[in-house]
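S.K.:
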Amino acid sequence: MSPRQPRILICGSALAGNLVWAHEEARQFFDGLADLVVMDSPNRADFLVGLKSGGKYDQIVGIYRHNTSADRIGVFDEEIIDALAETGTVKWIAHNGAGYDQIDVSRCANKGISVSNTPGAVDDATATTALYLVISCLRNYAWAEQSLRQGTFKSGLDPGRAHDVTGRTLGILGLGGIGLRLAHLVHAFPMRVVYYSRNKSANAPEWCEYIDSLEGLCRESDVLSLHVPLRDETVHLVGEKEIRVMKKGSIIVNTARGKVIDEEAMIRALEDGHLSSVGLDVYPNEPLVNPRLLEFPQNVLLPHMGTENQDSQRHMEVRALTNLRDFLRDGQGNDLIPELRSKL
Amino acid sequence: MLPRVLVCGQYLLMCHLPFPLQHLISESRSHFLSSFGPGGPYEGTVALYRRNTSSAVIGKFDAPLIHALADTSKVRWIAQSSSGYDEIDVQACKERGILVSNTPRANEDATATTTLYLMISCLRRFSMAERSLRSGTWKTPCDAAQTHDVTGRTLGIFGLGGIGLRFAHLAHAFPMRIIYFSRRKAESVPDWCEYVLSLEELCKQADVLSIHVPLNQSTTGIIGEKEIRTLRRGSVLLNTSRGRIVDQEAMIRALEDGHLSSVGLDVYPDEPRVDPRLLTFPQCTLLPHIGGVSAESSRAKELQALRNLKAFVLGGIGEDIVPELKTGIGNSTML
């Protein structure tokens with residue numbers, strides 16, 4: 033009897049649990065390399081039982097993970113990571129998405145489990161979402177459409193509140209792939225682009241001006257756009273102090289993670305007009321949206337649509353699966369997350 | 004008596020001009036037309052500053068108004084404060100020796116930005132997503148299978164004037180593939196802007212068709228059943244030009260049967276009326292004709308219109324005369 037192939041667990045969408053777009057690619061990638069098993073547990077308890085020796089997920093070596101799996105088994109916290117480590121076989125989690133704040137990566141590091149994300153695949157779609165929010169906030173488009181749909185066409189809109197994009201200053205907090213892509217898109221107008229990152233970026237074009245502090249960035253920006261991952265040290269990174277350093281009438285755009293902003297401080301600044309509007313795709317407790325945000329017609333509020341389109345989602349699935357394939361074939365996927373690179 | 008300028012429509016700037024400005028005080032068209040005679044409030048008016056907002060009071064500058072104006076006044080110049088001048092009957096102006104200027108460049112940036120917004124919103128269904136969030140359903144009705152990245156898709160620009168070209172530049176940043184059709188192949192366009200030989204060819208190749216031609220007799224309804232059906236199934240139509248350029252009935256039929264996946268509109272045939280059927284398609288993005296509206300562009304338009312007026316009043320000839328009237332410039336325009 034031939035030895036069993038390694039098994040890959042697909043922790044995918046909320047409905048079927050499976051991949052959504054890249055079935056054909058998955059078949060090609062893993063044909064002769066691994067068997068694919070779809071995670072069908074309705075809850076965490078069932079999942080944990082399945083991981084045990086002789087369980088339905090026995091002999092899993094790598095996991096494809098999408099955030100929607102959290103609807104059934106919760107986030108990959110210490111309990112889940114420990115259970116994965118307990119199997120002795122699981123060595124790689126290929127997360128589908130740029131942000132991996134739903135995985136306890138320091139626990140993974142301790143337990144010798146590698147984690148990859150899909151950094152480049154989300155850049156274009158997320159930067160386009162940020163561009164949309166920047167434009168809509170400056171020009172009050174969302175507000176205008178609400179006015180039309182309420183039957184008042186444009187009466188009641190104040191043209192003096194709408195501003196051209198061209199010539200204004202965009203401050204980018206975190207010049208990674210998404211931030212840099214947004215910089216390129218707004219440079220077409222052009223906007224003036226300034227940025228702050230922990231380190232000055234080696235990839236930044238010369239028209240991207242580095243500012244050496246977050247406070248300096250806030251002071252310079254007409255629009256501040258956030259592109260840092262959520263970590264302990266980035267929770268409420270933009271708070272009362274940072275918001276008040278911004279010019280009166282400024283705009284904040286967030287396509288990163290809701291908790292990077294102190295929401296209470298942001299709402300206070302909207303109430304007293306210090307912020308003219310905010311463009312948000314992310315919230316601290318999704319899918320819950322603080323109802324006070326809806327009271328401002330000038331706000332542009334998207335339901336975490338950053339990468340929601342078939343082209344990008346296919347790219348992301350393929351990228352995550354590529355990491356798993358490379359891990360199986362070569363022992364290492366390309367997109368190992370930064371926190372785990374030093375452990376090699 | 005000094006030459007006077009009559010301001011028809013809201014006027015925002017407190018700008019010093021070397022001649023008196025008279026503001027519109029009429030509350031009806033008949034009062035307007037009877038006020039240019041001796042002793043009338045508009046006596047001595049040689050030029051008009053005009054915004055479309057004046058239509059609410061005195062109506063459009065149609066042929067009857069132009070003829071009556073020519074009969075009763077010394078008006079020789081109408082400085083329209085916008086790029087579109089379809090509310091002025093320029094043929095009647097031509098017959099009566101009145102010149103019309105517009106502000107062709109002042110809102111190119113603002114209008115191209117609006118078009119970019121509509122395109123992103125339609126391809127990604129963001130407007131629909133916002134309404135879903137605001138109605139408390141998060142992203143439930145959103146289906147990623149219905150939406151696409153902007154990057155790599157083909158944008159067809161119908162009319163590569165200032166706004167069309169500016170929009171092309173903004174879309175090129177992604178990049179999109181850019182193709183265009185105009186009556187003539189444009190000069191000095193970047194080499195990534197590809198000219199196609201017919202409107203039909205443009206429709207055949209475009210994922211997104213964006214309209215940037217002015218409204219006149221030859222463009223009314225030019226995007227009709229045939230053009231829309233020549234577009235690929237699932238295409239997106241954008242209009243930030245004028246509502247009547249598109250056959251609205253044909254467009255709505257194509258939305259109903261899914262041939263058009265969505266439309267992004269800033270303009271409508273009978274503004275401010277919006278056909279209520281348009282509101283029944285949640286995937287459409289509908290703006291209330293604010294394409295060129297921003298604090299900066301309003302100021303730029305006003306300054307440009309006033310510059311045109313000033314040059315006329317002081318020098319006998321202004322700039323930015325609309326193309327239809329450029330050939331007829333002669334002695335008749337002199338004060």
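Chains C and V, in that order, give the protein sequences. Residue numbering for the first sequence follows my numbering, starting at 33 and increasing by one per position. Residue numbering for the second sequence follows my numbering, starting at 4 and increasing by one per position. From the three backbone atoms N, C-alpha and C, an ideal C-beta is built for every residue, glycine too.
#1: Taking any Cβ of chain V, which residues in the segment 341–360 of chain C have a Cβ under 7 Å from it, in chain order?
#2: I want to verify the contact list: residues of chain C whose CB lies under 7 Å from the CB of V/V266, in sequence order.
#3: Report the residues of the segment 117–141 of chain V with a CB closer than 9 Å to any CB of chain C, ordered along the chain.
#4: Could you name the residues of the segment 140–167 of chain V whose beta carbon sits closer than 7 Å to any beta carbon of chain C, in the order they occur along the chain?
#5: At a CB-CB cut-off below 7 Å, which residues of chain C make contact with V/V296?
#6: What does C/A220 touch in chain V if you count any residue whose Cβ is under 8 Å from its own?
#7: What does the alpha-carbon distance come out to for the pair V/G100 and V/V78?
#8: Please confirm whether V/E299 has its beta-carbon closer than 8 Å to some beta-carbon of chain C.
#9: Using three-state DSSP, classify C/E340 as helix, strand or coil.
#10: Taking the alpha-carbon positions, what's the C/F108 to C/R97 distance?
#11: Could you tell me whether the segment 126–133 of chain C touches the segment 328–336 of chain C, using the rule of 3 or more Cβ pairs below 8 Å?
#12: Measuring only between beta-carbons, confirm whether V/P291 sits less than 8 Å from chain C.
#13: According to the neighbour-count rule (16 or more other Cβ atoms, all chains shown, within 10 Å of its Cβ), is C/I369 buried or exposed?
#14: Could you spell out where the alpha helix (DSSP H) holding C/N142 opens and where it closes?
#15: Please report the straight-line C-alpha distance between V/L241 and C/D264, rounded to a whole angstrom.
#16: Along the segment 168–184 of chain C, what residues have a CB closer than 7 Å to any CB found in chain V?
#17: The segment 80–114 of chain V: which residues have C-beta closer than 9 Å to a C-beta of chain C, in chain order?
#18: Taking 8 Å as the threshold (beta carbon to beta carbon), is C/M33 in contact with chain V?
#19: In terms of alpha-carbon separation, which member of C/G94, C/F61, C/G87 and C/G208 lies closest to C/D41?
#20: Could you give the first and the last residue of the continuous beta strand (DSSP E) run that contains V/N242?
#21: According to DSSP, V/H26 sits in a beta bridge with which residue or residues?
#22: Given a cut-off of 8 Å on the beta-carbon distance, is the pair V/S339 and V/K304 in contact?
#23: Tell me which residues share the same chain as V/L72 and place their Cβ nearer than 6 Å to its Cβ, disregarding the 5 neighbours each side in the sequence.
#24: Just to make sure I have the definition right: I need the residues of chain C whose C-beta is within less than 9 Å of the C-beta of V/L309. Which are they?
#25: Counting pairs of Cβ atoms below 8 Å between the segment 148–157 of chain C and the segment 114–130 of chain C, do you hit three or more?
#26: Among the candidates V/V153, V/P41, V/D273 and V/I61, whose CA atom is the shortest distance from the CA of V/L27?
#27: Is C/V154 close to chain V? Criterion is C-beta to C-beta, closer than 8 Å.
#28: Can you tell me whether V/C287 is helix, strand or coil according to DSSP?
#29: Would you list the one or two residues that DSSP bridges to C/G311?
#30: Using 10 angstroms around the beta-carbon of V/R156, count the other beta-carbons present and answer buried if the total reaches 16, otherwise exposed.
#31: In terms of DSSP beta bridges, what is V/W80 paired with?
#32: In this structure, does DSSP put C/I40 in helix, strand or coil?
#33: Roughly how many whole angstroms lie between the Cα atoms of C/R346 and C/W53?
#34: What first and last residue would you give for the beta strand (DSSP E) that runs through V/I226?
#35: Starting from V/R180, trace the beta strand (DSSP E) in both directions and tell me its first and last residue.
#36: State yes or no: is the beta carbon of C/V321 nearer than 8 Å to at least one beta carbon in chain V?
M.R.: For this structure:
#1: Of all residues in the segment 341–360 of chain C, those with a C-beta nearer than 7 Å to a C-beta of chain V are N341, Q342, D343, S344 and Q345, reading in chain order.
#2: Chain C residues near V/V266: none, gap ~13 Å exceeds 7 Å.
#3: T117, L119, Y120, L121, I123, S124, L126, R127, R128, F129, S130, A132, E133, R134, S135, L136, R137, G139, T140 and W141
#4: W141, K142, C145, A147, A148, T150, H151, D152, V153 and T154
#5: P191 and A194
#6: H172, L173, H175 and A176
#7: So the alpha carbons of these two residues sit roughly 9 Å apart.
#8: yes
#9: coil
#10: 9 Å
#11: no
#12: yes
#13: It is buried - the Cβ of C/I369 has at least 16 other Cβ atoms within 10 Å.
#14: V137 to K143
#15: 44 Å
#16: S168, R171, Y173, A174, A176, E177, S179, L180 and R181
#17: D112 and A113
#18: Residue placement at C/M33 cannot be trusted, given a pLDDT of 39 that sits under 50; the coordinates are not used to answer.
#19: It should be noted that the sequence gives Leu, not Asp, for residue 41 of chain C. Of C/G94, C/F61, C/G87 and C/G208, the residue nearest in Cα terms is C/G94.
#20: S238 to N242
#21: V/V10
#22: Residue 339 of chain V falls outside the range modelled here, since chain V spans only 4 to 338, and no answer is possible.
#23: For V/L72, the CB contacts under 6 Å within the same chain, skipping 5 residues up- and downstream, are V78 in chain order.
#24: Neighbours of V/L309 on chain C: none; closest Cβ ~18 Å, over 9 Å.
#25: yes
#26: Comparing Cα positions, the closest option is V/I61.
#27: no
#28: coil
#29: C/V285 and C/V332
#30: By the 10 Å Cβ count, V/R156 comes out buried.
#31: V/A50 and V/L102
#32: strand
#33: 5 Å
#34: Taken as a continuous stretch (DSSP letters only), V/I226 belongs to no beta strand (DSSP E), as it is neither H nor E.
#35: R180 to F184
#36: yes
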